[in-house]
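Below is one structure; the comments refer to it alone.
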Amino acid sequence: DQQVKQNSPSLSVQEGRISILNCDYTNSMFDYFLWYKKYPAEGPTFLISISSIKDKNEDGRFTVFLNKSAKHLSLHIVPSQPGDSAVYFCAATRSTQGAQKLVFGQGTRLTINP
Amino acid sequence: DTAVSQTPKYLVTQMGNDKSIKCEQNLGHDTMYWYKQDSKKFLKIMFSYNNKELIINETVPNRFSPKSPDKAHLNLHINSLELGDSAVYFCASLGPGGVQFFGPGTRLTVL
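Protein chains in written order, with this note's numbering: chain F, 269 to 382; chain E, 6 to 116.
Below, the structure written as structure tokens:
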């Protein structure tokens, strides 16, 4: 029962263009969403998050959009840079839980081509 | 100056052995986690401790036993290792704003 899904295992984008990574969730109780970035042989590092009371959050080149009715969120990176090549994980949680439990998608490998 | 560290980074062992993975965080966080990333690349939570107290225990075999001697450390002991235990294990701690900080991972290979 995969509650958070990233249906694209990989994505290839030209340097300077926009990268769009998608994530779908099934549990309507989730109210806080995060994106993590992971380089090989390293742990995931936090990138950006969004609460369900918002539909957009922007931080520099990174913007996350949330569509609650569709249970869908996306991460936009613009312009894409070679250093953005990594695996991106979407994660969701219920902030009202006593103990925070992140549910992760399976990740999308982003490759930025020069 | 590593925030969340794990040792060892790689662990190769035979089936049936007992092994431990150590985790330390110097961020002053109260809550720590263990995750397992399996061959399909899913990151799944195993355990969580808050200030040395177990608060999350997912459906994990009894062969896995976390131990938290203090809030900066959360170790994972695995008894009677099986082939299916081969995975990458990540430790994490919970910071402000609901952000978790992850260690570099321990790749466990059971032969």
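From the three backbone atoms N, C-alpha and C, an ideal C-beta is built for every residue, glycine too.
Secondary structure of residue i, DSSP reduced to three states
i	result
Asp75/E	strand
Leu88/E	helix
6 Å CB neighbourhood of residue i in its chain, flanking five on each side removed
i	result
Arg81/E	Correcting the residue identity first, residue 81/E is Leu in this sequence and not Arg. Taken in chain order, the residues that qualify are Ile26, Trp39 and Pro71.
Asp23/E	Asn84
Bridge partners - residue i, DSSP secondary structure assignment
i	result
Asp292/F	Lys273/F and His340/F
Glu326/F	Thr331/F
Leu370/F	DSSP output for Leu370/F lists no bridge partner at all.
Tyr304/F	Phe314/F and Phe357/F
Phe95/E	Tyr40/E
C-beta contact flag for residue i and residue j at 7 Å
i	j	result
Ile286/F	Val346/F	yes
Val272/F	Tyr304/F	no
Tyr94/E	Lys41/E	yes
Lys76/E	Asn56/E	yes
Met20/E	Val115/E	yes
Leu343/F	Phe301/F	no
Pro312/F	Phe357/F	yes
Ile318/F	Leu334/F	yes
Met51/E	Leu79/E	no
Lys306/F	Ala354/F	yes
Ser98/E	Val17/E	no
Cβ-based neighbour list, residue i, same chain, cut-off 7 Å, excluding 5 preceding and 5 following
i	result
Arg362/F	Met297, Phe298 and Asp299
Ser276/F	Asn290 and Thr376
Pro382/F	Glu283 and Pro350
Neighbourhood of residue i by C-beta distance below 8 Å, restricted to the same chain and skipping five residues each side
i	result
Asp43/E	Lys49 and Ala92
Continuous alpha helix (DSSP H) assignments of at least 4 residues falling wholly in the segment 15 to 68 of chain E: none
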